[in-house]
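*Asks:* Last residue of the sequence shown: number 706 in the UniProt record's numbering, and the count goes up by one each step with no gaps. Structure provided below as structure tokens; questions to follow.
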Amino acid sequence: MTTPTLALDADRAAVAGRVIAAMAGPEARLRPDQETAVAALCEDAARVLVVQATGWGKSAVYWAATAVRRSEGAGPTLVVSPLLSLMRDQVAAAARAGLRAATVNSANIDDWSGIERDLVSGALDVLLVSPERLANPGFGRRVLDALTGRLGLVVIDEAHAVSDWGHDFRPDYRRVSDVLQRLLPTTPVLATTATANARVTDDVAAQLGETTLVLRGPLARASLQLAVVDPGRGDGYDRLSPLDRYAWVVDHLPRLPGSGIIYTLTVADAHRLAEAIASVHPDLPVAAYTGQLDGAQREKLEDALLANEVKALVATSALGMGYDKPDLGFVVHVGAPPSPVSYYQQVGRAGRALDHALAVLLPSEADDRVWEYFATATIPVPAQVEAVLAVLAAAGESMSVPALEAETGVRRTRVELLLKQLAVEGVVERGEAGWSTTGKEWTFDAEHYDGVIAVRRREADIMRSYTRSESCLMQLLQRSLDDPTAEPCGRCSACLGALPTGLEQRPSVETRRAVAAVLRTQRHAVEPRKMWPGGAFGSRGRIAAGEIADPGRALVHADAPEWSELVAQVFARDAEAPEELRDAVVGVLADWRGSWAERPETVVGLAASGFPRLVGSLVDHVAERGRLQPAGVLDLPAPSGDLSSAEEAAWWRDQLLAATAPPVEGQVVLLVVDASSSLWPVTVVTSWLRRAGARRVLPLLVHRRA
């Protein structure tokens, strides 16, 4: 890797200057590192990696480079970008720079043919596309066929995702990077990111090529004031409970500057917290933003935040890379991300064009579980890989992901991830008809993956230090990104020894009560499974109408903070249900009865998670209060280990082989279950009860686990 200082000649400088002035004002000029990057990209086969803080102006580099190369007759620029929100922002930015840009995504399918024609004709200066879209065989073939030999510049934005040492490795990014460089070796390539430590930087640079020019700058953000609430001092001081954290946000949101983002670790938390805020502050507009929203809904909410029409979006990490609101006043995290790198990326959304913005972290005792999940979630399991490859090899033809799930018993999301990882290694390939093997042998690189896990666990240790405020918070983030300029900021809560003015360590008791009361009125539907899993279970396809459950209800959904203390108490040991839980279950039934197709007549218990006394006491209580016939508790041994859907369903079926069905002939059965995440015990037991003569089965779960 080389690090020369390069300058633009007069003609190129004039073109680049017009772009920068159009984007940032008549007095704006390229900074030295920006000019060096643009000058390098004016040469064929150049490879440039820019690692700079959020708000530094990385996109200005590729707009200026595009304008210069287009003025000299080069072809269009292809920007590979991760999010729709970023693409829309970049299309608008390109227009300000005097360039015509377009994006292709699932939200504008009707425009694709016209965009592709403009691309081929040369009318389009910039095409923005996601790595997942470009990896689609049909689309990728059409676009790459049209662009091969004609591209003037390739941009890989958020390039840390190319490296599996990074916090957000995306196999499609790696595949696209490999393909583009193989097909277009003489086209200049620019990779940009704000969140790469030295190891990730070296890995991405090596992937780009030996002569990669790396331009790395200081990552401190002078406008950000970082703070940790409730830093776990280790002196008997109780940390904030999940409900306390919700109440803290509800208490403090009116005081936070401007508009901002409140990050949660789960989709359920985003919706619950948004509802809690709206209930206490009906005049303070907020909305939940998650990856489950469609493109149009996301765009509407992003635009509302840009226009300050909402005080905050309560979001998962789906609102992260690429979202650009220069005057974002605050970022609050309810629970910490798994690495300081991803945390830096998310707080970097705030204060880009402000003198002061707040970034507040409310740590959670559940963070450790989340961090460990993320440390291992993307690591391939050899037995699963071998099962997928064996089925593909035996088929001798392309197979779809659902078909592979059915044949292997590996969960669908896991199959998709494994196939993308195998495609990076050239072991499988995706065609328009599905996935097939290439004949290349696969070997599990245990040393490499052990190293990846070790790195992620070290990053989790850094986040533990951050949550305990052991040293300057900004300096710790900079060091985690190997920034040699790291030094104490003098303004974070660790440096000051106190929270910023206006922030308190604890929410008010009144707010905590109000939030709990609101959230405990929520009711959670449990939609029945409708398909058998195949694989080890054998049967696959639609569950017969005479064996399927009616829609059910859950008292507690996932890690609901309003119930966390009660859940901890109830599931600490198997005992009779406390009065608070018995009353809550009756409350669910009272609200639910208006939706019953038929009123239940018999109540059966299922100890799916090993709590027969708990379930039995609830069966007796519900039977007495609802004048139902109690029919006992099924106390079956729960499976252990990480089973696939097919394996778990087969386990429950096999446990029922020697069981005697309760007297349910012709009855509508209320099935009371202690806890489940997969719903396979509910699904299999329901089928068994229906075959024993039950007319209907209505499941009621105490805890629907995430």
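No residue lacks a Cβ here, since even glycine has one placed at the ideal position from N, Cα and C. Values in this document were obtained by computation on a predicted structure and should not be read as measured data.
1) Is the stretch 281–296 close to the stretch 310–326, with three or more CB pairs under 8 Å?
2) With 16 as the cutoff for other CB atoms within 10 Å, does Val509 come out buried or exposed?
3) Is Ser163 buried or exposed, if buried means 16 or more other CB atoms sit within 10 Å of its CB?
4) Taking buried to mean at least 16 other C-beta atoms within 10 Å of its own C-beta, is Gly641 buried or exposed?
5) Quick check on Trp442: does DSSP put it in helix, strand or coil?
6) Report all residues from its chain with a CB closer than 7 Å to the CB of Tyr237; omit the five preceding and five following residues, and keep chain order.
7) For a test of the three-state rule: what should DSSP assign to Pro223, helix, strand or coil?
8) Out of Val622, Leu213, Arg553, which one is the CA nearest neighbour of Trp596?
9) If we ignore side chains and look at the alpha-carbon of each, how far apart do Thr186 and Gly348 end up?
10) Report all residues from its chain with a CB closer than 7 Å to the CB of Arg12; omit the five preceding and five following residues, and keep chain order.
11) Classify Leu184 as helix, strand or coil using the three-state DSSP reduction.
12) Is Ser177 helix, strand or coil by DSSP?
13) Between which two residues does the beta strand (DSSP E) carrying Leu634 extend?
14) Asp559 and Leu242 - do their beta-carbons sit closer together than 8 Å?
15) Chain C beta carbons: is any one of them nearer than 8 Å to that of Ser676?
16) Do you know offhand how far Ala146's Cα is from Leu119's?
17) In three-state terms, what does DSSP make of Glu158?
18) What are the boundary residues of the alpha helix (DSSP H) that Asp251 is part of?
19) Assign Gly57 to one of three DSSP states: helix, strand, or coil.
20) What span of residues does the alpha helix (DSSP H) with Phe169 cover, start to end?
21) Could you give the distance in angstroms between the alpha-carbon of residue 708 and the alpha-carbon of Leu519?
22) Could you tell me if His448 is buried or exposed, where buried requires 16 or more neighbouring beta carbons within 10 angstroms of its beta carbon?
23) Less than 8 Å between the beta carbons of Val526 and Arg653, yes or no?
24) Could you tell me the distance, in whole angstroms, from the CA atom of Val129 to the CA atom of Ala28?
25) How would you write the range of the beta strand (DSSP E) that Asp674 sits in, first residue to last?
26) Taking the alpha carbon of Thr378 as the reference point, which residue from Ala268, Gly439, Asp591, Lys420 has its own alpha carbon closest?
27) Drop a sphere of 10 angstroms on the beta-carbon of Arg96, count the other beta-carbons inside from all chains shown, and report buried for 16 or more, exposed for fewer.
28) State the start and end residues of the unbroken alpha helix (DSSP H) segment that holds Arg12.
29) Could you compute how far the alpha carbon of Val684 sits from the alpha carbon of Gln667?
30) Run through the DSSP bridge pairs and tell me what Phe330 is partnered with.
31) Straight-line CA distance for Gln34 to Gly497?
32) Tell me Val697's beta-bridge partners as DSSP assigns them.
33) Within 10 angstroms of the Cβ of Leu190, are there 16 or more other Cβ atoms? Answer buried if so, exposed if not.
34) In three-state DSSP terms, what is Ser687?
35) In chain order, what residues of the same chain have a beta carbon less than 7 Å from the beta carbon of Thr438, not counting five sequence neighbours either side?
36) Taking the alpha carbon of Arg127 as the reference point, which residue from Gly138, Leu679, Asn136, Val143 has its own alpha carbon closest?
*Replies:* According to the structure data:
1) Yes, since at least three Cβ pairs between the stretch 281–296 and the stretch 310–326 fall closer than 8 Å, the two stretches touch.
2) By the 16-neighbour rule on beta-carbons within 10 angstroms, Val509 is exposed.
3) Residue environment for Ser163: buried (at least 16 other C-beta atoms within 10 angstroms of its C-beta).
4) Counting C-beta atoms within 10 angstroms of its own C-beta, Gly641 has fewer than 16 neighbours from the protein chains shown and is therefore classed as exposed.
5) DSSP places Trp442 in coil when its eight states are reduced to three.
6) Model confidence at Tyr237 stands at a pLDDT of 48, short of 50, so the residue's coordinates are unreliable; what they give is reported in the following sentence. Cβ-Cβ distances below 7 Å link Tyr237 to nothing in the same chain once the five nearest sequence neighbours on each side are left out.
7) Looking at the sequence itself, residue 223 is Ser, so the reference to Pro does not match. Coil, per DSSP.
8) For the set Val622, Leu213, Arg553, the Cα lying nearest the Cα of Trp596 is the one of Arg553.
9) Taking the straight line from one Cα to the other gives about 34 Å.
10) Only Cys42, Val68 meet the Cβ criterion.
11) Judged by DSSP in its simplified three-state form, Leu184 adopts coil rather than helix or strand.
12) Reduced to three states, the DSSP call for Ser177 is helix.
13) First-last of the beta strand (DSSP E) with Leu634: 629–634.
14) The displayed chain sequence assigns Pro, not Leu, to residue 242. Cβ distance < 8 Å, so Pro242 and Asp559 count as in contact.
15) Absent here is chain C; the protein component of the structure consists of one chain.
16) Rounded to the nearest angstrom, the two C-alpha atoms are 8 Å apart.
17) DSSP places Glu158 outside both helix and strand once states are collapsed to three, so it counts as coil.
18) From DSSP, the alpha helix (DSSP H) with Asp251 extends over 242–252.
19) If DSSP states are grouped into helix, strand and coil, Gly57 belongs with coil.
20) Unbroken run through Phe169: none, as it is neither H nor E.
21) The requested residue 708 is not part of the displayed model; the chain covers only 1 to 706.
22) In the assembly as shown, His448 is an exposed residue. Its beta-carbon has fewer than 16 other beta-carbons within 10 Å.
23) Cβ distance not < 8 Å, so Val526 and Arg653 don't count as in contact.
24) Roughly 29 Å between the two C-alpha positions.
25) Start and end: 668–676.
26) Among Ala268, Gly439, Asp591, Lys420, the Cα nearest to that of Thr378 is on Lys420.
27) Exposed: under 16 other Cβ atoms inside 10 Å.
28) Bounds of the alpha helix (DSSP H) holding Arg12 are 10–24.
29) C-alpha of Val684 to C-alpha of Gln667: approximately 18 Å in a straight line.
30) Paired residue(s): Gly260, Leu358.
31) Distance between the alpha carbons of Gln34 and Gly497: 38 Å.
32) Paired residues: Val669.
33) A residue is called buried once 16 or more other Cβ atoms fall within 10 Å of its Cβ, and Leu190 is buried on that count.
34) It is helical.
35) Cβ neighbours of Thr438 beyond the five flanking positions: Gly426, Val427, Val428, Glu429.
36) The question names Arg, but residue 127 in the sequence shown is Leu. Nearest option by C-alpha distance: Val143.
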